[in-house]
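Everything below concerns the one structure shown next.
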Amino acid sequence: MSAIAMAGPAPDLETLIARHVDARGGRAAVEAVRTFDSDIHIVEPTFEVDGAYVATRDGKMRVDIRAGGQHVFTEALDHGRAWSWTPDHGVRDGSDAGAAALRHGIELPFKLFALHEVRERGHRLELVGREEVSGIAYHVLRLTLDDGFESLYYLNPTTWLIDRDRQRRALHVDVDPTPEWIETSYEDYRPVSGVLFPYRQVERRLATGEVLATVTVTEIRINPPLDPGRFSPP
65 MSAIAMAGPA PDLETLIARH VDARGGRAAV EAVRTFDSDI HIVEPTFEVD GAYVATRDGK
125 MRVDIRAGGQ HVFTEALDHG RAWSWTPDHG VRDGSDAGAA ALRHGIELPF KLFALHEVRE
185 RGHRLELVGR EEVSGIAYHV LRLTLDDGFE SLYYLNPTTW LIDRDRQRRA LHVDVDPTPE
245 WIETSYEDYR PVSGVLFPYR QVERRLATGE VLATVTVTEI RINPPLDPGR FSPP
């Protein structure tokens, strides 16, 4: 990972947060997102699948994966309990590490929350400085969740959107828990219900640039009606 380098004076943290939240659509629009529901297409080096991901502000999520039109995997978090399902093994309880990874996906500022909300949720946000990546002198912020998980966010000084983040983590923690530095780029921001969401994210091994996964969103639904039992195991 490259060192963080200062590149002249930068706005203070509060100014950066405000500019970012305004660019996303504003506080009221972001805070009105109670449920994030999406259809996604995932490409990794050894497979290509479709999925449906849903998460709520009260800490529940579920992702269902289909391959060749068949339901092959489900993973969910329901009031802190993680579980998964496969056709061969049925329902299984998730690991603590898996549950943490699912919770991180809810808490991080792309689906349900924005940067102005993270501190009131018990997390820590700091301004690190400036770093030039691909010719852009990003403002770099560090978000530390209440369980110690850290993300570095690269805030574009023109659009005020997050173009990329860097995290030391496993790609699929219940398959291989070995952490490594992964950089995710966020692209193709589009408005839905007055809020900008990235419709494409590309995860790369930071050391080599190798693409590990590409996730393309095909549709986002904000605050749709949900079956109350959707997050519970069958």
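Per the working numbering, residue 65 is the first one in the sequence shown, and the count goes up by one each step.
Even for Gly, the Cβ is constructed at its ideal location relative to N, Cα and C.
Being a predicted model, the structure only gives us computed values, none of them experimental.
Nearest-angstrom beta carbon gap, residue j and residue i [assumed within contact, 8 Å]
i, j, result
"leucine 216", "valine 204", "6 Å"
"threonine 248", "glutamate 274", "The pair is not a contact, with the Cβ atoms about 13 Å apart (cut-off 8 Å)."
"leucine 225", "tyrosine 202", "Leucine 225 to tyrosine 202, Cβ: 11 Å. No contact."
Strand pairing of residue i, partner residues [DSSP]
i, result
"leucine 172", "Partner(s): none; leucine 172 has no beta bridge."
"tryptophan 147", "Ala140, Asp157"
"tyrosine 217", "Leu205, Asp229"
"glutamate 108", "Phe111"
"histidine 236", "None; histidine 236 has no bridge partner."
"phenylalanine 261", "Arg254"
"aspartate 103", "Ala116, Glu283"
First and last residue of the uninterrupted alpha helix (DSSP H) at residue i
i, result
"glutamate 78", "77-88"
Assigned secondary structure, residue i (DSSP; H/G/I helix, E/B strand, else coil)
i, result
"valine 281", "strand"
"glycine 162", "helix"
"leucine 179", "helix"
"glutamate 274", "coil"
"arginine 268", "strand"
Range covered by the beta strand (DSSP E) that runs through residue i
i, result
"valine 204", "200-208"
"glutamate 112", "111-120"
"alanine 131", "125-131"
"arginine 254", "244-256"
"valine 192", "188-197"
"arginine 98", "Arginine 98 -> no beta strand (DSSP E), and no H or E assigned at all."
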